[in-house]
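Heads up: the protein sequence lines correspond to chains R and F, in order.
Here the first sequence is numbered in the working numbering, starting from 72 and rising by one per residue.
Here the second sequence is numbered in the working numbering, starting from 9 and rising by one per residue.
The beta carbon of each residue, even a glycine, is placed where N, CA and C say it ideally should be.
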Amino acid sequence: MIVALSIFLITIGSIAFHFWSPWWWTEVASNWGNMDDTILLTFWITGAVFVAICFFVAYCVWKYSYKKDRRAEYKPEDKKLESRLTWATAIGVAALLAPGLVVWNQYVTVPENAYKVEVFAYQWGWKYRLPGEDNILGKTDIKYISDENPFGLILEDPNGKDDLLVDEQELHVLKDRPVKFELRTIDVLHNFYVPQFRGKMDMVPGIVTYYWLTPTRVGDFEVLCAEYCGTGHYAMRGRVIVDEEKDYKKWEAKQITFEKMLAKSKKNDNLQLVKKEK
Amino acid sequence: MSDEQDHKLEAKSDYVADASSVSTPDIDAVPAAELPDQELYHSHSWWTTYVFSQDAKYIGIQYALTAIGTGLLGLVLSWLMRIQLAFPGLGWLEPSSYYQFVTMHGMIMVVYLLTALFLGGFGNLLIPLMCGARDMAFPYVNMLSYWAFVVAVLVLLASFFVPGGPTGAGWTLYPPQAITAGTPGYNGGIILMLISLILFVAGFTMGGLNYIITVLQLRARGMTLMRMPLTIWGIFTATVLAMFAFPALLVGCLMMTLDSLLGTSFFMPAMVSLGEKLTHEGGSPILFQHLFWFFGHPEVYIVALPAFGIVSDLLSVHSRKTIFGYRMMVWAIVGIGALSFFVWAHHMYVSGMNPWFGFFFATTTLIIAVPTAIKVYNWILTLWRGNIQLSLPMLFSLGFIVTFLNGGLTGLFLGNVTVDVPLSDTYFVVAHFHMVMGIAPILVIFGAIYHWYPLITGRMMDETLGKIHFWITFLGSYAIYFPMHYQGFVGVPRRYFEIYDSPYIDTSTLLLNKFITIAVLIVGAAQLLFLYNLFASARLGKKSEKNPWKANSLEWQTPQMPPEHGNWGKELPKVYRWPYDFSVPGAKEDYIPQNQPPSEIIGAKVEKT
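The structure is reproduced here in structure tokens:
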């Protein structure tokens, strides 16, 4: 009796907790609200299964508790029931999978009008790079990284000259414009994660990974590293600010290009090299 | 080999001679023995009896106690971590020690506790007994397997004492960070961890070959594969998985050791480490992740399948009812085992691998939910119209059903690639895998210990202490992990030393952290009660009758209980049926042991198995 009742109460308690829990996801700030929808769909289907099975167990424990003079039913198999249950499960699983795959297809297909931002991760912090007027991010190589060239842009690549380098933890992005984050790390794995954006992707040294989103509301959001990257992992936080066009332009105007950055540094040899070769 | 062949023939001809004497009625006929009776090693000194034992039962106990001892360290580490998370103001831990504890806790629990306990512990104890063999096929190798495990554990523990301490790379040991300067233990602890894993795999291979060959070759006469208890099916399939999966871990460990010690670049691309350019070039960190999870996902089932098998038997025995859909259960175990090799990259949806893989791995992962669901249905249908005894093993089995169901269903969130994106690397994942491969299998382990304890010691464990232990463990761990999922929804990332000043996290989330930590401390402390019960009952426990649960499987049918060396006295048992003939209509008792000949139960309407 107590056992059956406990299983019953655990089930009821879980449902109650689910609906009254103060802990729920943050208000979404990107186009990936449909990820939330897939979670909700999954909740309904799996929740129904959870409740049904727990109630069934509680009922069995209550109804068929041991009596000395009673015998259990002897029925090793029931082909029909087993195949029905199998098919019902398969259908339920397909109902979960199909919408998931549709959304995933959107997630990995970057819209053509998305503008690019490079997110640059290191132990333990963030930097950002915008493509500048030519809309092309210059090529990079770990070998080129130095105090004067912290992003490791390849000096010989002319596309890098007008890249805007944001050497701080804060990034601004435009509201309602799709943005493709090109993710680069110079050391270990990291992951550029803003809870309100929902998106995530690891950054892997040696390759450039990506994901995209469209910010849907103006705001100031925290960036977290979501892939363990060493002792400073928990402190690797930045900020993303979603702006309307006007504010964004103001911010963008304050950023300096790679060319200017090199000019500013006292050793101008690198710049001379670039100019000569052209 | 040819020698063995000869023996085999001889044995067969023996049987023919035996059968012609017609001492038993026809309905009791069992197939001929295919191998001669095993010759056993008999110990003759204290050392060979109690230390370097070659008796599988004894090795099983050695494995189990070593695993539990190591697991206790893992438990204490979890306390230390949880105190830090709940009370960051105390300044209790340094970030580096926090990460070291996280790493050691994870690796200890998954490999050195669960894998070793299920396969090394229960495998050794139960395979020969349940199959009706005298011992494992290769007792000497079996002993070596255990001692390799001991050395692996010692090397692992040694890493606490090297400069820099144990590795803090997370139990997944992802390079490059595992072997570069930003991670604690990057040049000492990690090497010992890798060596320890290599030793573990070597030791496990010796044991694993034994389990597989014993199941395939040494079953008693009449014990067909489809008459084996599901416990054996689970352990057997898990061992086969381990044989295929551990090599991937082994090469991963070897390659990383070379990267670290010799400067090779298997997993190391050109990179900068804390301002310093390294000499590595051209390696792929994702390659390691593929190797790791090609091992790591089957590993989940290496732990889960023995638990599935054992819980099936516990449910059947303690509800006095045939396991429902035995054949489906067997095929589900085998199917899950096979499928488990095609789902590994669902741990890597956002790892930076080609995102198009997501479609494939999400599909395979959700397919594996079908046989898993079948198992759950069959467990609960076993209860249906049963005669349910709420003994300790049954209580823990019911706890398993609830926690496994919960953890399995949240797996459908994480396996479905899109749903995984916002949840991956958050506390949702931590809650999911603890529920499904931490709590659920451990509840089965407890159930199994309470169930088979009389077989080992001849005494029963204390029922009252056991019940207190059950309720605290079951309700407590549910209270720990159920709310934790919701921290994951908020977006609290895992592997964070502290999270307290994040603007998007409500302070109540931190309050929840305190609640969880208190529950962790209580549940952990309740395990002391279990340990007391475990050791004290060996002396003080009520004497157990033979076959106290009235079970059918062979381990309870030995001439002596606890079984002695060689298990079966003079003659090996003969098997006439499966182990699930409970409550057969027309039978006198509500159980018919596997070795009871049909001529003794005339009138019982058993189905042919």
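field: Alpha-carbon to alpha-carbon, Gly366/F and Phe252/R
entry: If you take the alpha carbons of Phe252/R and Gly366/F, they lie about 19 angstroms apart.
- prompt: In this structure, what does DSSP give as the bridge partners for Trp586/F?
  reply: For Trp586/F, no pairing in a beta bridge is given by DSSP.
message: Let me make sure I understand the geometry here. Which of Cys125/R, Phe191/R, Leu245/R and Asp233/R has the alpha-carbon closest to that of Tyr319/R?
response: For Tyr319/R, the nearest C-alpha among the options comes from Leu245/R.
message: For a contact defined as C-beta to C-beta under 7 angstroms, what are the partners of Met272/R on chain F?
response: The answer, in chain order, is Val358 and Gly360.
message: I need the straight-line Cα distance from Ile464/F to Pro567/F, nearest angstrom please.
response: Their Cα atoms are separated by approximately 14 angstroms.
message: I'd like the list of long-range same chain contacts for Ser273/F, defined as Cβ closer than 7 angstroms, with 5 residues on each side in sequence excluded.
response: Contacts found: Asp267, His288, Glu289, Gly290 and Gly291.
- prompt: Mind checking Ala186/F: buried by the 16 CB within 10 Å criterion, or exposed?
  reply: Ala186/F should be labelled buried.
- request: Output the boundary residues of the beta strand (DSSP E) element that contains Tyr264/R.
  value: Here the beta strand (DSSP E) through Tyr264/R covers His261 to Tyr264.
Chain R contact for Ser29/F (CB, 8 angstroms cutoff): Low confidence applies here, because Ser29/F scores a pLDDT of 45, under 50, leaving its location unreliable and the question unanswered by this model.
- prompt: Whose CA, out of Gly270/R, Val259/R, Met332/R and Asp238/R, lies closest to the CA of His304/R?
  reply: His304/R has its Cα closest to that of Val259/R, out of Gly270/R, Val259/R, Met332/R and Asp238/R.
task: State yes or no: is the C-beta of Met117/F within less than 8 angstroms of the C-beta of Tyr106/F?
output: Not a contact, by the Cβ cut-off of 8 angstroms.
Spatial distance of Leu391/F from Glu42/F (CA atoms): Spanning the two alpha carbons is a distance of roughly 38 angstroms.
query: In the segment 262-342 of chain R, which residue ranges form an unbroken alpha helix (DSSP H) of at least 4 residues, counting only runs that do not cross its ends?
result: Counting only runs of 4 or more, we get 316-325 and 329-335.
- prompt: Straight-line CA distance for Ser61/F to Ala145/F?
  reply: Straight-line spacing of the CA atoms in Ser61/F and Ala145/F works out to 15 angstroms.
- prompt: Residues of chain F with CB under 8 angstroms from Val74/R, in chain order?
  reply: Within 8 angstroms Cβ-Cβ: Leu398, Leu403 and Leu406.
message: At the 8 angstroms Cβ level, is Thr160/R part of the contact set with chain C, yes or no?
response: Protein chains R and F are contained in the structure displayed, whereas chain C is not.
message: I'd like to know if Val437/F contacts chain R, where contact means its C-beta is closer than 8 angstroms to some C-beta of that chain.
response: Interface annotation, Val437/F: not in contact with chain R, CB-CB separation never under 8 angstroms.
query: Which residues in the same chain as Val99/R place their Cβ atom closer than 7 angstroms to its Cβ, once the five residues preceding and following it in sequence are excluded?
result: Cβ within range, chain order: Asp107, Gln267 and Arg269.
- prompt: beta strand (DSSP E) containing Thr256/R: first to last residue?
  reply: Note, Thr256/R: beta strand (DSSP E), Val250 to Thr256.
field: 8 angstroms Cβ cutoff, Asn195/F in contact with chain R
entry: Cβ-Cβ to chain R under 8 angstroms: no for Asn195/F.
- prompt: Is the beta carbon of Gly190/F less than 8 angstroms from the beta carbon of Cys300/R?
  reply: A contact, by the Cβ cut-off of 8 angstroms.
- prompt: Is it a yes or a no for the segment 468-479 of chain F touching the segment 560-580 of chain F, going by three-plus beta-carbon pairs under 8 angstroms?
  reply: Judged by Cβ distances under 8 angstroms, the segment 468-479 of chain F makes no contact with the segment 560-580 of chain F, as fewer than three pairs qualify.
query: Roughly how many angstroms lie between the CA atoms of Val24/F and Leu226/F, to the nearest whole one?
result: With a pLDDT of only 42 at Val24/F, under the threshold of 50, the placement of this residue in the model should not be trusted, and no figure is reported.
task: Select from Arg328/F, Ile203/F and Tyr71/F the residue whose C-alpha is nearest the C-alpha of Tyr588/F.
output: Closest option to Tyr588/F, judged by alpha-carbon separation, among Arg328/F, Ile203/F and Tyr71/F: Arg328/F.
query: Whole-angstrom Cβ separation of Arg294/R and Tyr264/R, contact assumed at under 8 angstroms?
result: This sequence places Val at residue 294/R; Arg is not what is there. 7 angstroms between Cβ atoms; contact.
field: Beta-carbon contacts of Ala94/F that lie in its chain and below 6 angstroms, excluding the five residues immediately before and after
entry: Counting only residues of its own chain and dropping the five nearest sequence neighbours on each side, Ala94/F has a CB closer than 6 angstroms to the CB of Asn521, Lys522 and Thr525.
- request: Consider the Cβ of Met9/F: report whether some Cβ of chain R lies at a distance smaller than 8 angstroms.
  value: Low local confidence applies: a pLDDT of 39 at Met9/F is under 50, so the model's placement there is unreliable, and no value is given.
- prompt: Residues bridged to Glu289/F by DSSP?
  reply: Beta-bridge partners assigned by DSSP to Glu289/F: none are found.
task: Quick one: give me the first and last residue of the alpha helix (DSSP H) that Trp339/F is part of.
output: Unbroken alpha helix (DSSP H) run through Trp339/F: Tyr334 to Leu347.
- prompt: So which residues of chain F does Leu236/R contact, with C-beta pairs closer than 7 angstroms?
  reply: The premise fails here: Leu236/R is roughly 17 angstroms from chain F at the closest Cβ pair, so nothing lies under 7 angstroms.
- prompt: In chain R, which residues lie with their C-beta within 8 angstroms of the C-beta of Arg328/F?
  reply: In chain order: Tyr137, Arg142 and Ala143.
Cα-Cα separation between Gln535/F and Gly474/F, rounded to whole angstroms: Roughly 10 angstroms separates the two Cα atoms.
query: DSSP three-state call for His298/F: helix, strand or coil?
result: The answer is helix: DSSP assigns His298/F an H, G or I state.
task: Please go through the same chain and pick out, in chain order, the residues whose beta-carbon is closer than 7 angstroms to the beta-carbon of Asn424/F, but skip the five residues on each side of it.
output: These residues qualify, in order along the chain: Ala370 and Leu374.
message: Would you say Arg255/R lies against chain F (beta-carbon separation less than 8 angstroms)?
response: No, its Cβ sits nowhere closer than 8 angstroms to a Cβ of chain F.
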